[in-house]
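In the working numbering, each residue's number is its place in the sequence shown (first place is 1) plus 11.
Idealized CB from N, CA, C, for every residue including glycine.
Let me begin by presenting the structure, written as structure tokens, before commenting on it.
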Amino acid sequence: MFSFGQIFLLSIFLVLAQGLSLGDHQNGEIVIGKEPGKLENSTTFTIEGRNYFVSGHKLNWDKAKRSCWNMGMQLVAIESLEENNAILREVSGDRSAFWTSGTDQGQEGYFVWDTTGQSVGFSYWAHGEPNNFFGNEHCIKMKSSSHQWNDNACWDSEKYICEQL
Ligand SMILES: [Ca+2]
Ligand SMILES: [Ca+2]
Numbered sequence: 012m013f014s015f016g017q018i019f020l021l022s023i024f025l026v027l028a029q030g031l032s033l034g035d036h037q038n039g040e041i042v043i044g045k046e047p048g049k050l051e052n053s054t055t056f057t058i059e060g061r062n063y064f065v066s067g068h069k070l071n072w073d074k075a076k077r078s079c080w081n082m083g084m085q086l087v088a089i090e091s092l093e094e095n096n097a098i099l100r101e102v103s104g105d106r107s108a109f110w111t112s113g114t115d116q117g118q119e120g121y122f123v124w125d126t127t128g129q130s131v132g133f134s135y136w137a138h139g140e141p142n143n144f145f146g147n148e149h150c151i152k153m154k155s156s157s158h159q160w161n162d163n164a165c166w167d168s169e170k171y172i173c174e175q176l
């Protein structure tokens with residue numbers, strides 16, 4: 012049988028463990044489901060009447076995609092030189108990396124904009140990219156500083172850009 016002391020310690024452990032898991036859960040949910048512009052350190056801008064959202068927090072690619080959807084937006088598809096230049100101007104003050112909706116998870120080496128299903132036409136790859144490093148890189152992010160594109164492991168946490176549907 013357990014002694015009172017053992018049960019007491021076990022109870023404390025369970026309470027702490029539950030508290031920790033609740034905390035993680037809340038952290039995971041805090042960033043999802045809020046209105047654009049109300050999230051901490053996020054910014055918004057408009058290009059030719061279309062609204063864009065730049066997160067102030069980092070998520071992995073799947074969660075970033077869901078976060079955009081939950082705001083009634085989509086993870087950005089950068090489909091022209093003009094759109095790319097406009098986005099680059101807007102985020103030039105932030106040296107962070109940003110997720111786009113580009114992915115080759117469907118077919119290795121064939122990149123599509125996940126949100127439109129269209130193949131990536133215009134591209135802005137950094138030198139040597141995409142390289143599918145270690146066979147694990149299937150999501151396009153704008154690299155830090157240069158904001159040129161890199162195929163990156165989708166599980167990394169980065170800021171992300173959403174655009175109006
Ligand atoms: Ca790949
Ligand atoms: Ca890469």
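Just mark residue 113 as buried or exposed, buried being the case when its beta carbon has 16 or more other beta carbons within 10 Å. buried
Inter-stretch contact at 8 Å, needing at least 3 Cβ pairs: the stretch 142-150 / the stretch 88-105: no
Do you know whose CA, among 175, 174, 168, 173, lies nearest residue 71's CA? 168
Give me, in chain order, the residues of the same chain whose beta-carbon lies closer than 6 Å to that of residue 110; leave out the 5 immediate sequence neighbours on both sides. 72, 75, 152, 169, 171
Take the Cβ of residue 197 as the centre, count every other Cβ of all protein chains shown within 10 Å, and call the residue buried at 16 or more, exposed below. As shown, the chain starts at 12 and ends at 176. That puts residue 197 outside it, with no answer to give.
Look at the Cβ atom of residue 106, then the Cβ atom of residue 155, and state whether they are nearer than 8 Å. Against a cut-off of 8 Å, the Cβ pair of residue 155 and residue 106 comes out as a contact.
Which of the three DSSP states, helix, strand or coil, is assigned to residue 109? Residue state, collapsed to three classes: strand.
Is any heavy atom in ligand 1 found nearer than 7 Å to the beta carbon of residue 140? For ligand 1, not one heavy atom lies less than 7 Å from the Cβ of residue 140.
Starting from residue 65, trace the beta strand (DSSP E) in both directions and tell me its first and last residue. 61-65
Which same chain residues end up closer than 6 Å to residue 79 when comparing Cβ atoms and leaving out the 5 residues on each side of it in sequence? Excluding positions up to five away in sequence, the list reads 85, 86, 173.
Beta carbon of residue 94 nearer than 8 Å to that of residue 132: Their beta carbons are not under 8 Å apart, which means residue 94 does not touch residue 132 by this criterion.
Span separating the alpha-carbon of residue 102 from that of residue 68: Rounded to the nearest angstrom, the two C-alpha atoms are 14 Å apart.
Alpha carbon to alpha carbon, what distance is there between residue 92 and residue 58? 13 Å
I'd like the list of long-range same chain contacts for residue 63, defined as Cβ closer than 8 Å, with 5 residues on each side in sequence excluded. Counting only Cβ-Cβ distances below 8 Å, and skipping sequence neighbours, we find 55, 56, 57, 87, 98, 101, 172, 173, 174, 175.
Does DSSP put residue 130 in a helix, a strand or coil? Per DSSP, reduced to three states, the secondary structure at residue 130 is strand.
Helix, strand or coil at residue 102 [DSSP, three-state]: In the three-state DSSP reduction, residue 102 falls in the helix class (H, G or I).
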